[in-house]
Amino acid sequence: MGGSLLFRHDRFLTRQASDWETIYGTYLYPLRAFDDDGQISLDYLIEIIYKVVVDDTEVMITRGGGLFIRPPQYLPDLYRDVPGPGSALRRGEAVAKFKERATDTFNKLVCELTLHGVVSEPASPALIGYGKLIEDRALIVSAEVGRETYFDRLTLTSIALQHKVANFPGWLNVHPQQILRDAAGLNCVNSVARLAPAASALVAGAYAAYSRRQLAEALIDAWIVIEQFLDQAWKEYVAGITLRKRQEKLQDPRTYSAAVRAEILHTVGKLSEPLYTSIEKARKHRNDLAHGARISLSNTRDAVNALHSVLERVCNRTVAHPAPWVP
């Protein structure tokens, strides 16, 4: 959006309330940038370069992978408002509820970016911080301290600015800005979200965990989404049956488990042979894990491959393939 390179970063450190607009945000993690020039500096990282509307909420995206939204007007401001007697708890509760909703918004965008090959850990309320918007620059300036505090995903960019770090080192992942334009339509995540409210976060979680080789977490996240897909496909199949008593019987999950549903859906032509086979492999590995089996990269690969096949079926297009970390 073309801000001045002479922008004064110390404006983010001032406590003059009139100097900024309050926003809340998180950073894609691992940290990354969207750039076509190959010249990544801190002057550029905090610049807003794209905006995406997710569920009627505008998400501002900075070049440095920051995701920001404006809070509702009724939300207490942690910097500007002076809490009265007994109001601190109410303020904290209001902010917590807002962060829960913001998490869902961010995770839809994180999921869509993941399926375009920009893998990031899902957002969570603990990973959303208070930020400032000044002109076309956005920066998280505050992280709430708990038993664990995740500075690397909240205030690392701010800390770098304060210490006058000239440039981020080469470990910053850089992607072309075209990915943001491709993801802006949210074409895939809207279909994923129809599976279940948590499906977007689970997809992002499965890809991110597999990338880090957190194998058990990746397998479980992948299987939950697969089972959500089976549940949706099963409901559509049952809805086409005219006999009401037959419908009611088929809706009993105690009799018609995921394994039985997959078998029937395959038999009636609702699941292709390759998709059915991959789902069965994932189901077996999930059951083995639940009953004490040792997790392996091979087993998790089968599960995330099944998830990938399911996602391409749900989205009706090619999506990025999950990949594990390799030393």
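FYI, my numbering numbers position 218 of the sequence shown as 1582, with every residue one higher than the one before it. C-beta: ideal position from N, C-alpha, C; glycine also.
Asked: Length at least 4, wholly inside the stretch 1562-1604: the alpha helix (DSSP H) runs in chain order; Found: 1563-1575, 1579-1603
Asked: Own chain partners of I1413 with C-beta closer than 8 Å, once the 5 adjacent residues on each side are dropped; Found: M1365, F1398, I1425, T1426, R1427, Q1541, L1544
Asked: Three-state secondary structure (DSSP) of L1439; Found: coil
Asked: Identity of the residues DSSP links to E1422 by a beta bridge; Found: V1417
Asked: Distance between E1512 and Y1408 (C-alpha atoms, nearest Å); Found: 30 Å
Asked: N1663 and L1583 closer than 8 Å at C-beta; Found: yes
Asked: Buried versus exposed call for H1692 [16 or more other C-beta atoms within 10 Å across all chains shown]; Found: The chain is shown only over 1365 to 1691; residue 1692 falls outside these bounds and no answer can be derived.
Asked: Same chain, Cβ closer than 6 Å to Y1514, five either side skipped, listed in chain order; Found: L1491
Asked: Nearest candidate by alpha-carbon position, reference W1689, set I1410, Y1620, L1661; Found: L1661
Asked: Nearest-angstrom Cα separation, counted from K1496 out to R1658; Found: 47 Å
Asked: Given P1440 as reference, the closest of S1636, Y1494, C1552, I1588 once Cα atoms are compared; Found: Y1494
Asked: Of the residues E1581, S1564, D1546, the one placed nearest K1472, counting alpha carbons only; Found: S1564
Asked: Chain-order list of residues whose beta-carbon lies under 7 Å from that of A1334 (same chain, five-residue window excluded); Found: Residue 1334 is absent from the structure shown; the chain starts at 1365 and stops at 1691.
Asked: Residues bridged to N1537 [DSSP beta-bridge criterion]; Found: R1396
Asked: C-alpha distance - L1518 paired with S1506, whole-angstrom precision; Found: 7 Å
Asked: R1608 versus A1597 - alpha carbon distance; Found: 18 Å
Asked: Exposed unless 16 or more other CB atoms sit within 10 angstroms - verdict on I1410; Found: buried
Asked: Local conformation of K1463 per DSSP, three classes; Found: helix
Asked: Beta-carbon proximity check, V1602 vs Q1615, cutoff 8 Å; Found: yes
Asked: N-terminal and C-terminal residue of the alpha helix (DSSP H) that Y1388 is part of; Found: Here Y1388 belongs to no alpha helix (DSSP H); instead the beta strand (DSSP E) covers 1385-1391.
Asked: Simplified DSSP assignment, three categories, for V1678; Found: helix
Asked: For K1634, the three-state DSSP class (helix, strand or coil); Found: coil
Asked: CA-to-CA distance, R1610 to V1417, given in whole angstroms; Found: 43 Å
Asked: Chain B contact for T1664 (CB, 8 Å cutoff); Found: Absent from the structure is chain B; it holds one protein chain and no more.
Asked: Check whether E1581 and A1573 have beta carbons under 8 Å apart; Found: yes
Asked: Test item: CB-CB of L1675 and V1683 under 8 Å; Found: yes
Asked: Proximity below 8 Å, CB of P1686 to CB of A1557; Found: no
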